[in-house]
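Residue numbers (the working numbering), protein chains in the order written: chain H, 2 to 209; chain X, 2 to 209; chain B, 2 to 209. Every residue, glycine too, gets a C-beta built ideally from N, C-alpha and C. Note that this is a predicted model, so its numbers are computed, not measured. Have a look at the structure below before the remarks.
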Amino acid sequence: MSAFVIPFWADLLAVGIGSLQGAMFAAQFRDRRLDLLGVAIIGIATGFGGGIIRDLLLNEVPKALQSNWYLPVATGAALIGMLLERLFSRLSKVITVLDALTIGLFGAIGTTAALSAGLPEVPAVFVGVLAAVGGSILRDLLLGMPIALMHVGSLYAVAALVGATTLVVLVNLGVAIPIAAIAGVVLTFTVRVLAVLFRWSLPEQRRL
Amino acid sequence: MSAFVIPFWADLLAVGIGSLQGAMFAAQFRDRRLDLLGVAIIGIATGFGGGIIRDLLLNEVPKALQSNWYLPVATGAALIGMLLERLFSRLSKVITVLDALTIGLFGAIGTTAALSAGLPEVPAVFVGVLAAVGGSILRDLLLGMPIALMHVGSLYAVAALVGATTLVVLVNLGVAIPIAAIAGVVLTFTVRVLAVLFRWSLPEQRRL
Amino acid sequence: MSAFVIPFWADLLAVGIGSLQGAMFAAQFRDRRLDLLGVAIIGIATGFGGGIIRDLLLNEVPKALQSNWYLPVATGAALIGMLLERLFSRLSKVITVLDALTIGLFGAIGTTAALSAGLPEVPAVFVGVLAAVGGSILRDLLLGMPIALMHVGSLYAVAALVGATTLVVLVNLGVAIPIAAIAGVVLTFTVRVLAVLFRWSLPEQRRL
Numbered sequence: 002m003s004a005f006v007i008p009f010w011a012d013l014l015a016v017g018i019g020s021l022q023g024a025m026f027a028a029q030f031r032d033r034r035l036d037l038l039g040v041a042i043i044g045i046a047t048g049f050g051g052g053i054i055r056d057l058l059l060n061e062v063p064k065a066l067q068s069n070w071y072l073p074v075a076t077g078a079a080l081i082g083m084l085l086e087r088l089f090s091r092l093s094k095v096i097t098v099l100d101a102l103t104i105g106l107f108g109a110i111g112t113t114a115a116l117s118a119g120l121p122e123v124p125a126v127f128v129g130v131l132a133a134v135g136g137s138i139l140r141d142l143l144l145g146m147p148i149a150l151m152h153v154g155s156l157y158a159v160a161a162l163v164g165a166t167t168l169v170v171l172v173n174l175g176v177a178i179p180i181a182a183i184a185g186v187v188l189t190f191t192v193r194v195l196a197v198l199f200r201w202s203l204p205e206q207r208r209l
Numbered sequence: 002m003s004a005f006v007i008p009f010w011a012d013l014l015a016v017g018i019g020s021l022q023g024a025m026f027a028a029q030f031r032d033r034r035l036d037l038l039g040v041a042i043i044g045i046a047t048g049f050g051g052g053i054i055r056d057l058l059l060n061e062v063p064k065a066l067q068s069n070w071y072l073p074v075a076t077g078a079a080l081i082g083m084l085l086e087r088l089f090s091r092l093s094k095v096i097t098v099l100d101a102l103t104i105g106l107f108g109a110i111g112t113t114a115a116l117s118a119g120l121p122e123v124p125a126v127f128v129g130v131l132a133a134v135g136g137s138i139l140r141d142l143l144l145g146m147p148i149a150l151m152h153v154g155s156l157y158a159v160a161a162l163v164g165a166t167t168l169v170v171l172v173n174l175g176v177a178i179p180i181a182a183i184a185g186v187v188l189t190f191t192v193r194v195l196a197v198l199f200r201w202s203l204p205e206q207r208r209l
Numbered sequence: 002m003s004a005f006v007i008p009f010w011a012d013l014l015a016v017g018i019g020s021l022q023g024a025m026f027a028a029q030f031r032d033r034r035l036d037l038l039g040v041a042i043i044g045i046a047t048g049f050g051g052g053i054i055r056d057l058l059l060n061e062v063p064k065a066l067q068s069n070w071y072l073p074v075a076t077g078a079a080l081i082g083m084l085l086e087r088l089f090s091r092l093s094k095v096i097t098v099l100d101a102l103t104i105g106l107f108g109a110i111g112t113t114a115a116l117s118a119g120l121p122e123v124p125a126v127f128v129g130v131l132a133a134v135g136g137s138i139l140r141d142l143l144l145g146m147p148i149a150l151m152h153v154g155s156l157y158a159v160a161a162l163v164g165a166t167t168l169v170v171l172v173n174l175g176v177a178i179p180i181a182a183i184a185g186v187v188l189t190f191t192v193r194v195l196a197v198l199f200r201w202s203l204p205e206q207r208r209l
């Protein structure tokens, strides 16, 4: 099964948005005395993390290391995110929308890459979700912060899970991969944006 | 050299016990506001972590991603661990016993997998120990806690080390792999259970 | 393109110095109650980390797991580092010099390994820098400390970046790999030592 191939510029754009966001996130913690390199590392980790986790699990050389373009884009986006943090923080709605698109794209790319590597359906969804949210997990680990998506908040990984599951179900029903992938991206995007708008969240952990 | 093959249900059971424990551990920290997904992530990481580290180091696609069964079992066990934490915490002796069996099994599987991948003896023991305790390391990293097994406590990794070393020595002496593996599991189990019973521990770090 | 092959004893020495340093670093935090195993783990992670990250990214079985020598050397160096911390801390200049040599060597090995695996220039530099500093990142993650090299300090990763970039540029200009590698090691070494001597650092993150 051939993987869902998105245009190279779209993949680069997704990495760039991830890096921009990672750097903006890091820029909020000015008391931590990150230097320029630290900001670049956080940016690269946020933009690359999901894709590298995906490719490690699929036992492939990470795609981001097979072209000269990814690292400059990620580094540049991280430094822009740091410099223009004040500007972008006023554009937070734009960023949320772009980020929802990014997790949708990363999720669809990861899920179809896993399917075409021959993984069964359930682990393919798992790899897709990790591809979507891995960058954010790595960002929080490197910053020594609690991992945001494990805590009560706005359906970030759940949006990726809904999209990846839909993609796999549609493919199993015989839908062509590009169409299933687009459906997955749209669903992830919609769930995430609605969750932010209406403050949907999962219940906190509880015991009987 | 063929790897020590344990029955599929025993491997699933080991993953399930790991996930149950990870979720029960996480459930103690109610002030952290983990949501349901966070508990599932901790459970999956604890149950899968060792096996994924093992397979990454051996340059193979993780076994846990080659079947549809592992993820539902890990997720289900994590949610049960969370819901029934109060019940299970009264059964802590049962859990300790099951967990000692689990690190024994994971250690034997990891060590023989490394041997059959052609690794020399010493790194085979290393991979076996990481396979046994990797889930617990990943759990602590994701929760932002000090990594339990690096601190003064009850011979957790040491038990795995004793079992894996015994296995490799026996195989080198010509003992058949299944028998060497069973000896390794039994030794790891015994050391761990006795260490908990008699509060054995390694000395704290010191300097001359 | 054949990788820059350094003598086996030099590679072992670099791993040993890394482990020694990691353990000495950990020994400063006596209130954390690390046990002997914890110190060994930190030592092994610091000495091995960069090489393992390099080989995972290049989709190869880690070199450190292909010989029986690396683990005993790393463990031994870690325990010596712990026991003799007081002695070594008076030799801190010697250690800084040896460590500058180590990041130079790891950087050159990583960069040429990436080039010979067929990676383009920019990701080859990235892999080289990660190979040089990955151990230090892993050490800080496992200790639950802020990651030193992301914060304002003395050009640690930058030294590796300068050396790796020089190596790749020289190779592209047609210089033989051994000579380019030596140039890379010398430059990394020089930048790092001068940065410590004259307290050079990158500027802190800022915004417009």
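By the 16-neighbour rule on beta-carbons within 10 angstroms, B/Val130 is buried. For X/Asp36, the chain H residues whose Cβ falls inside 8 Å of its Cβ are Met151, His152, Val153, Gly154, Ser202, Leu203, Pro204, Glu205, Gln206, in order along the chain.
Neighbours of H/Pro73 in chain B, taken as residues whose beta carbon is under 9 Å from its own, are Val123 in chain order. Under DSSP, the beta-bridge partners assigned to B/Leu35 are X/His152. Among the residues of chain X, none has a CB under 8 Å from the CB of B/Arg140; the nearest is roughly 12 Å distant. In the three-state reduction of the DSSP assignment, B/Glu61 falls in the coil class, being assigned neither a helical nor a strand state. Residue pairing for H/Glu205: DSSP places it in a beta bridge opposite X/Asp36. Sorting H/Pro204, H/Gly50, H/Leu58 by C-alpha distance to the C-alpha of H/Tyr71 places H/Gly50 at the top.
For the beta strand (DSSP E) assignment, the segment 87 to 123 of chain H encloses no uninterrupted run of at least 3 residues.
Contact between the segment 20 to 34 of chain B and the segment 10 to 28 of chain X is absent, with fewer than three C-beta pairs closer than 8 Å.
B/Arg193: member of the alpha helix (DSSP H) spanning 178 to 199, first to last residue.
In the DSSP assignment, B/Met25 falls within the unbroken alpha helix (DSSP H) covering 9 to 28. Shown here, X/Gly135 sits in a helix according to DSSP, grouped into three states. Between H/Ala118 and H/Leu59, the C-beta gap is smaller than 8 Å, which places the two residues in contact. Look at B/Asn69 here: in three-state DSSP terms it is coil, with no helix or strand label. A residue is called buried once 16 or more other Cβ atoms fall within 10 Å of its Cβ, and X/Leu116 is buried on that count.
In the structure shown, B/Gly164 falls within a helical segment according to DSSP collapsed to helix, strand and coil. Annotation: Cβ neighbours of X/Val128 in chain B (cutoff 9 Å, chain order): Leu66. Those residues of the segment 166 to 198 of chain B placed with their C-beta closer than 8 Å to a C-beta in chain H do not exist.
Taken atom to atom, the span from the alpha-carbon of B/Gln29 to that of X/His152 is near 15 Å.
The three-state secondary structure of H/Gly44, taken from DSSP, is helix.
Counting only residues of its own chain and dropping the five nearest sequence neighbours on each side, H/Ala182 has a CB closer than 7 Å to the CB of Phe5, Ala109, Thr113, Leu168. If you draw a straight line from the Cα of X/Leu203 to the Cα of H/Gly44, it is about 40 Å long.
The way I'd put it, the segment 181 to 196 of chain X does touch the segment 157 to 171 of chain X; three or more beta-carbon pairs between them come closer than 8 Å. Within the same chain, Cβ atoms closer than 6 Å to the Cβ of X/Leu21 are found at Ala78, Gly82, the five residues on either side in sequence being excluded.
Rounded to whole angstroms, the separation of the alpha carbons of H/Leu57 and B/Arg55 is 12 Å.
Taken atom to atom, the span from the alpha-carbon of B/Ile138 to that of H/Arg140 is near 13 Å. Residues of chain B with a Cβ closer than 7 Å to the Cβ of X/Ile148 are, in chain order, Leu143.
Cβ neighbours of B/Trp201 within its own chain (closer than 8 Å, five residues either side excluded): Ser155, Leu156, Leu195. The beta carbon of X/Ala133 does not come within 8 Å of any beta carbon belonging to chain B, so the residue lies off that interface.
With its beta carbon less than 8 Å from one in chain H, X/Arg33 belongs to the interface.
Residues are counted here when their Cβ sits less than 7 Å from a Cβ of chain H; for the segment 13 to 28 of chain X these are Ala28, given in chain order. Residues of chain H with a Cβ closer than 7 Å to the Cβ of X/Leu57 are, in chain order, Leu57. Take X/Thr166, set aside five residues on each side of it, and the residues of its chain with a beta-carbon closer than 6 Å to its own are Val126, in chain order. Against chain B, a Cβ distance below 7 Å from X/Ala158 picks out Leu38.
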